[in-house]
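Numbering (full-length UniProt numbering), first residue to last: 1 to 542. Cβ atoms here follow ideal geometry from the backbone N, Cα and C, with glycine treated the same way. Single-structure report; data block below.
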């Protein structure tokens with residue numbers, strides 16, 4: 001008996017949102033990059049006018065400050081003081097000659113500097129009374145016009161309670177959010193522009209937060225994914241301002257279709273840890289400016305020098321986005337635990353429910369596996385460990401479900417059903433182990449050591465044992481025991497001590513997890529191999 005194929009799994013669990021996610025991302029990229037609607041939007045013109053007014057105001061303030069500094073300097077030099085001496089000679093009454101000397105300062109007024117100072121002060125007066133006042137007025141008017149525009153966009157939802165919960169509403173409500181989405185796209189466009197005016201950046205983010213707060217309370221899953229894809233295509237540093245825009249709400253108690261909320265959480269998770277399509281294209285028109293503003297350094301503070309690395313999301317950004325996924329809700333729904341008064345309630349599952357749970361966990365493992373491969377770089381070491389930990393949780397939740405079913409159905413005599421469930425469970429454990437061993441970061445092997453091996457079938461346990469001691473997963477399987485052991489010796493010679501410790505601990509835990517007489521040969525073989533590996537390591541250290 002072999003595990004179900006992906007097509008067969010869809011009859012047990014199908015996530016239509018996840019299946020259509022790539023289509024939605026393609027639409028999003030085409031609309032934002034090639035649609036041209038942002039440049040034609042009235043808010044875009046208002047923001048451009050506001051930005052230019054602020055630039056003129058800043059330029060005027062800079063010029064005024066420069067002239068003030070120059071006028072101070074000219075005032076210091078306007079009077080030139082020189083030291084003068086006068087000497088007088090005379091005769092005392094007794095007839096002796098006398099001489100007296102007096103030193104004093106003479107101030108010479110520089111009329112050329114006076115002319116320059118007059119022109120400087122006249123220019124300051126002109127800039128202050130005319131340009132600075134006009135630019136300040138223009139900034140305030142532009143800001144008020146943008147405030148008015150934002151107010152009019154939000155006015156359609158004026159009856160929305162300020163404390164309305166975030167949810168996934170029906171599509172006919174989502175149709176009313178087109179104006180919100182278009183305005184949000186314009187504001188996100190300005191977040192991707194290199195801008196040294198932090199006041200302008202702060203203002204645009206304040207307006208953006210107002211619009212997002214409204215959209216989240218009336219959003220469909222399309223709107224939630226719309227926001228997520230925008231956030232993923234912003235410059236690094238989103239953990240400080242944009243993470244809260246990403247929400248995956250749990251299903252309310254009286255939800256008509258609670259599975260929709262579970263599907264959305266999985267889709268959000270898959271989108272966050274997958275590659276971000278055409279992310280660089282959102283910045284390509286400003287590459288020259290971006291290189292001057294963003295510098296990526298390593299742990300020692302040195303420039304990594306990787307082309308384009310300065311605009312990639314940082315590890316803190318990805319981890320912050322991952323923290324927005326409600327994993328407690330997601331896993332409780334997958335293993336079909338209900339929650340009441342902050343307590344989880346377990347209800348015995350039928351065989352069909354167990355198969356559905358296994359199907360959902362297999363989908364999650366595929367998602368985590370893709371994330372482990374995509375972020376398998378030196379810049380995301382902590383994030384890789386987070387994903388490995390989630391894979392470890394999947395394996396344990398699967399084991400809990402399988403053990404509970406066996407305990408509740410210990411009198412079940414349908415051998416074909418039990419065999420089918422065992423095959424599916426074994427395959428999940430196999431996939432979990434494979435995900436953890438496929439990364440270049442061997443630190444993920446520590447999670448292999450603590451996988452649950454107590455209820456894995458003996459044939460699968462042999463496969464897992466051979467897998468963890470095979471150094472090259474990309475090579476064809478060994479044809480005989482001699483080739484396999486040569487691979488083990490190669491692995492022992494290349495791994496660091498900590499990495500080897502994790503793998504040997506995993507093999508040791510496999511043996512410790514087995515206690516029946518049928519497992520005697522396996523326990524004996526593991527013990528023998530551990531002793532041989534120890535001899536190899538000792539021989540290497542001599």
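Classification of residue i by the beta-carbon crowding that lies within 10 angstroms, buried from 16 upward
i           : result
residue 293 : Note that residue 293 scores 48 on pLDDT, short of 50, meaning its location in the model is unreliable; the coordinates nonetheless yield the value given after this. By the neighbour-count rule (16 or more Cβ atoms within 10 Å), residue 293 is not buried but exposed.
residue 303 : Bear in mind that the predicted position of residue 303 carries a pLDDT of just 44, short of 50, making it too unreliable to give a figure here.
residue 109 : exposed
residue 394 : buried
residue 346 : exposed
residue 527 : exposed
residue 399 : buried
residue 531 : exposed
residue 155 : exposed
residue 371 : buried
residue 401 : buried
residue 542 : Bear in mind that a pLDDT of 43 at residue 542, under 50, signals an unreliable position, so the model cannot answer this.
residue 2   : exposed
residue 464 : buried
residue 579 : Since the first residue of the chain shown is 1 and the last is 542, residue 579 is not available in this structure.
residue 388 : buried
residue 482 : exposed
residue 36  : exposed
residue 119 : exposed
residue 60  : buried
Contacting residues, own chain, Cβ-Cβ under 6 Å from residue i (five flanking each side not counted)
i           : result
residue 184 : 211
residue 287 : With a pLDDT of only 43 at residue 287, under the threshold of 50, the placement of this residue in the model should not be trusted; the figure read from the coordinates follows. Answer for residue 287: no residue qualifies.
residue 31  : none
residue 107 : 79, 81
residue 392 : 447
residue 442 : 499
residue 355 : 12
residue 451 : 395
residue 534 : none
residue 275 : 374
Residue i, enclosing alpha helix (DSSP H) - first and last residue
i           : result
residue 17  : 16-19
residue 204 : 198-217
residue 271 : 258-273
residue 137 : 133-155
residue 415 : 415-437
residue 371 : 351-374
residue 448 : 445-448
residue 543 : Because the chain spans 1 through 542 in this model, residue 543 falls outside it and cannot be assessed.
Enclosing beta strand (DSSP E) for residue i [first to last residue]
i           : result
residue 546 : Because residue 546 is not part of the residues shown, which for the chain are 1 to 542, the question remains open.
residue 462 : Run containing residue 462: none in the beta strand (DSSP E); it sits in the alpha helix (DSSP H), 458-468.
residue 127 : Here residue 127 belongs to no beta strand (DSSP E), and DSSP marks it neither H nor E.
residue 88  : 79-91
residue 345 : 343-345
Beta-carbon proximity list for residue i, same chain, < 7 Å, skipping 5 on both sides
i           : result
residue 242 : 231, 234
residue 461 : 453, 510, 522
residue 524 : none
residue 376 : 384, 439, 440, 441
residue 245 : 212, 227, 231
residue 29  : 277, 278
residue 101 : 85, 87
residue 403 : 455
Test item: CB-CB of residue i and residue j under 8 Å
i           : j           : result
residue 267 : residue 26  : no
residue 220 : residue 169 : yes
residue 18  : residue 359 : no
residue 201 : residue 160 : no
residue 116 : residue 74  : yes
residue 146 : residue 79  : no
residue 397 : residue 331 : yes
residue 449 : residue 502 : yes
residue 361 : residue 405 : no
residue 351 : residue 421 : yes
residue 508 : residue 263 : no
residue 44  : residue 153 : no
residue 269 : residue 423 : no
residue 329 : residue 337 : no
Cβ distance (whole Å) where residue i is taken to contact residue j below 8 Å
i           : j           : result
residue 13  : residue 363 : 7 Å
residue 252 : residue 317 : Rounded, the Cβ-Cβ distance is 30 Å, inconsistent with contact.
residue 437 : residue 467 : 7 Å
residue 53  : residue 139 : 5 Å
residue 385 : residue 439 : Actually they are not in contact, since the Cβ atoms of residue 385 and residue 439 sit about 10 Å apart, beyond 8 Å.
residue 357 : residue 335 : 6 Å
residue 135 : residue 57  : 4 Å
residue 123 : residue 67  : 6 Å
Contacts around residue i, its chain only, beta-carbon distance under 8 Å, and the 5 residues preceding and following it disregarded
i           : result
residue 271 : 21, 25, 225, 228, 229, 232
residue 105 : 81, 82, 83, 84
residue 181 : 215, 223, 226
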